[in-house]
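As structure tokens, the structure follows; a few thoughts come after it.
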Amino acid sequence: MNLLQIVFCVLTATLIVYSSLINLLEPRLPQFLSRVFRYGKFAVPGKSVFAVEVPKAWFKHFYILAVVEYICFMGLLSLVYFAGMAVPPQINSILNTLCGPDRIARCGKHNVYLAACLLTTQVFRRFYDTQKVSVFGEQSKMNLSHYVVGHLHYLGTILAVLCEAPEFAYTSESHKQLNLITTSISDKISVLIFLCAWKHQHICTKILGNLRKNEDGDVVSNGYKIPQGDWFKYLSCPHQTAEIIMYSCVTWILWYNVSWFFIFTWVLVNQVETILLSHWWYKEKFDDFPKQRKALIPFLY
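So the sequence shown is numbered by this note's numbering: it starts at 63 and just counts up by one.
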């Protein structure tokens, strides 16, 4: 395992252990442990001298920085793949340090570039959502660790794609050609599913934002209501389910990229736990919460 894989493996393992403790043994845990983990609507009330917290609205910072990172990422990838530019030695040095010098490109250039385009559209859309659509509660907080990991995530996605990309790692002759027309049918289906989830995530984000706005679009509330419409008919947190779907599609496109599986596992565990906590919170707080609405899988669970 290289350093990047180790970092995300540790994050995932820590989250699994912590989630299990919160889900099964929370009443027996010290309150500060719950405060470190919980944030937003299911945060533990009160203050703790052990937990360093920042406004949840700082979620915006993730995407401000991520947009800059992804512009550089796509620019570099385009110059290398379309203009024939050599990979800068500084980039190779960073990848060798974080991902090892014996990296092998197992995906074709078209897979890498396609995945990069999809991830970039997601980052830009999330930037727009957090700036113009979402309404963060004035008193809503998150632990500093969530803030740090959020920044680490998007940089990690870029490194995971690049570290096993043709030209950035050892590349066989079969992976040196770039021809998006040769994209497989399964990859094209993945793109369509990704775009469907991408669209519905935005719709669901607008539904959530509108719960705190009046008809003129002015923010009039910081409270919580039961969201209705679109995928909310079937799921408690469809915007997060959409995130899992989108990362699943990228994983299919980058199927032979080992490092990317560590990113996907981290996203899957993180989103599932957040979905479960939100679902349980809605059921506890609202007596009229729709009984047919599920947490993870429509009509089943």
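Note that CB positions come from ideal geometry on N, CA and C, so glycine has one too.
Nearest to residue i by CA position, among the options, is which residue?
{"i": "residue 256", "options": "266, 184, 190 and 332", "result": "184"}
{"i": "residue 264", "options": "196, 343, 115 and 320", "result": "196"}
{"i": "residue 284", "options": "231, 201, 307 and 155", "result": "201"}
{"i": "residue 359", "options": "143, 297 and 223", "result": "297"}
{"i": "residue 220", "options": "267, 316 and 301", "result": "316"}
{"i": "residue 118", "options": "89, 193 and 205", "result": "205"}
{"i": "residue 252", "options": "307, 116, 213 and 216", "result": "307"}
{"i": "residue 66", "options": "136, 151, 338 and 216", "result": "216"}
{"i": "residue 24", "options": "355, 139 and 356", "result": "Since the displayed the chain opens at 63 and closes at 363, residue 24 lies outside it and no answer follows."}
{"i": "residue 151", "options": "230, 164 and 190", "result": "230"}
{"i": "residue 72", "options": "339, 211, 309 and 302", "result": "211"}
{"i": "residue 295", "options": "302, 354 and 318", "result": "354"}
{"i": "residue 213", "options": "222, 121 and 286", "result": "121"}
{"i": "residue 313", "options": "244, 186, 153 and 248", "result": "248"}
{"i": "residue 222", "options": "346, 319 and 116", "result": "319"}
{"i": "residue 286", "options": "309, 262 and 346", "result": "346"}
From residue i to residue j, what does the alpha carbon distance come to, in whole angstroms?
{"i": "residue 342", "j": "residue 203", "result": "19 Å"}
{"i": "residue 270", "j": "residue 331", "result": "23 Å"}
{"i": "residue 293", "j": "residue 123", "result": "27 Å"}
{"i": "residue 160", "j": "residue 114", "result": "29 Å"}
{"i": "residue 372", "j": "residue 158", "result": "In the structure as shown, the chain begins at 63 and stops at 363. Residue 372 is therefore absent and cannot be evaluated."}
{"i": "residue 74", "j": "residue 177", "result": "22 Å"}
{"i": "residue 199", "j": "residue 209", "result": "16 Å"}
{"i": "residue 348", "j": "residue 278", "result": "27 Å"}
{"i": "residue 24", "j": "residue 325", "result": "This structure leaves residue 24 out entirely; the chain is present only between 63 and 363."}
{"i": "residue 281", "j": "residue 268", "result": "13 Å"}
{"i": "residue 92", "j": "residue 250", "result": "49 Å"}
{"i": "residue 63", "j": "residue 333", "result": "24 Å"}
{"i": "residue 162", "j": "residue 68", "result": "12 Å"}
{"i": "residue 328", "j": "residue 260", "result": "19 Å"}
{"i": "residue 352", "j": "residue 224", "result": "44 Å"}
{"i": "residue 239", "j": "residue 246", "result": "15 Å"}
{"i": "residue 174", "j": "residue 302", "result": "24 Å"}
{"i": "residue 143", "j": "residue 149", "result": "10 Å"}
{"i": "residue 190", "j": "residue 323", "result": "27 Å"}
{"i": "residue 127", "j": "residue 356", "result": "34 Å"}
{"i": "residue 337", "j": "residue 129", "result": "26 Å"}
{"i": "residue 179", "j": "residue 136", "result": "8 Å"}
{"i": "residue 134", "j": "residue 340", "result": "35 Å"}
{"i": "residue 350", "j": "residue 84", "result": "26 Å"}
Hey, would you say residue i sits closer than 8 Å to residue j, going by beta carbons?
{"i": "residue 288", "j": "residue 344", "result": "yes"}
{"i": "residue 172", "j": "residue 254", "result": "no"}
{"i": "residue 226", "j": "residue 321", "result": "yes"}
{"i": "residue 132", "j": "residue 188", "result": "no"}
{"i": "residue 82", "j": "residue 88", "result": "no"}
{"i": "residue 335", "j": "residue 77", "result": "yes"}
{"i": "residue 234", "j": "residue 98", "result": "no"}
Can you tell me whether residue i is buried or exposed, with buried defined as 16 or more other CB within 10 angstroms of its CB?
{"i": "residue 276", "result": "exposed"}
{"i": "residue 228", "result": "buried"}
{"i": "residue 146", "result": "exposed"}
{"i": "residue 90", "result": "exposed"}
{"i": "residue 291", "result": "exposed"}
{"i": "residue 111", "result": "Caution is warranted here: a pLDDT of 49 is assigned to residue 111, below 50, making its placement in the model unreliable, and the coordinate value is therefore given only provisionally. Classification for residue 111: exposed."}
{"i": "residue 70", "result": "buried"}
{"i": "residue 169", "result": "buried"}
{"i": "residue 311", "result": "buried"}
With 8 Å as the threshold, decide whether the Cβ of residue i is near any Cβ in chain D.
{"i": "residue 180", "result": "In the structure shown, chain D does not exist; there is a single protein chain."}
If residue i and residue j are in contact, beta carbons under 8 Å, what's the gap, nearest whole angstrom?
{"i": "residue 300", "j": "residue 266", "result": "5 Å"}
{"i": "residue 232", "j": "residue 165", "result": "7 Å"}
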